[in-house]
Amino acid sequence: MIILTSVALAILAQGPVAAVAGPVAEYDVGYEELVARRDADARKAIEACDELSQDDPARLINHAIALARTGEYDAARAAFTAVAEARTSVELETATGDWVDSRRLARKGLAMLERGEFSRYYALSLR
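Under my numbering, the letters of the sequence shown match residues 528 to 654, in that order.
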């Protein structure tokens, strides 16, 4: 099974998110919602996904992004940490079409949390 995190690297990259056509997947990891910055909707879609296990790296990374963007920093940190410390990793396809190691994406997410980079998304969501 190909695991797509679709939006993670674009979200984790510093700079604007490039809108690209959504990937074809048999499950919802919140891609469309995250790109549209509908973070609460992304959380709901990811949490309602029954096709992926709770510890799936794509699910955890996208969920962590949505959590962080809605101000749930501790929960986001826990999800990023679970992927970063996993014994195995997978290559995840990003919105830019690159394939990136899941642990690397998770470490980047943790670094962004430490630098407070998700707080600007949370502040925008409060407007």
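Backbone N, C-alpha and C define an ideal beta-carbon position, used for all residues, glycine too.
Following the DSSP letters along the chain, one finds Leu587 inside the alpha helix (DSSP H) bounded by residues Pro584 to Arg596. Counting along the chain, Glu618 sits inside the beta strand (DSSP E) bounded by residues Glu618 to Glu620.
Judged by DSSP secondary structure, Asp577 falls outside any alpha helix (DSSP H); it is assigned neither H nor E. Going by beta carbons, Ala603 and Leu640 fall inside the 9 angstroms limit. Here Val627 carries a strand assignment [DSSP, helix/strand/coil]. Secondary structure note for Ala611: its alpha helix (DSSP H) is the uninterrupted segment Tyr600 to Ala611. When the five nearest sequence neighbours on each side are left out, the beta carbons in the same chain lying within less than 6 angstroms of the beta carbon of Phe607 are those of Ala591, Ala633, Gly636 and Leu637, in order along the chain.
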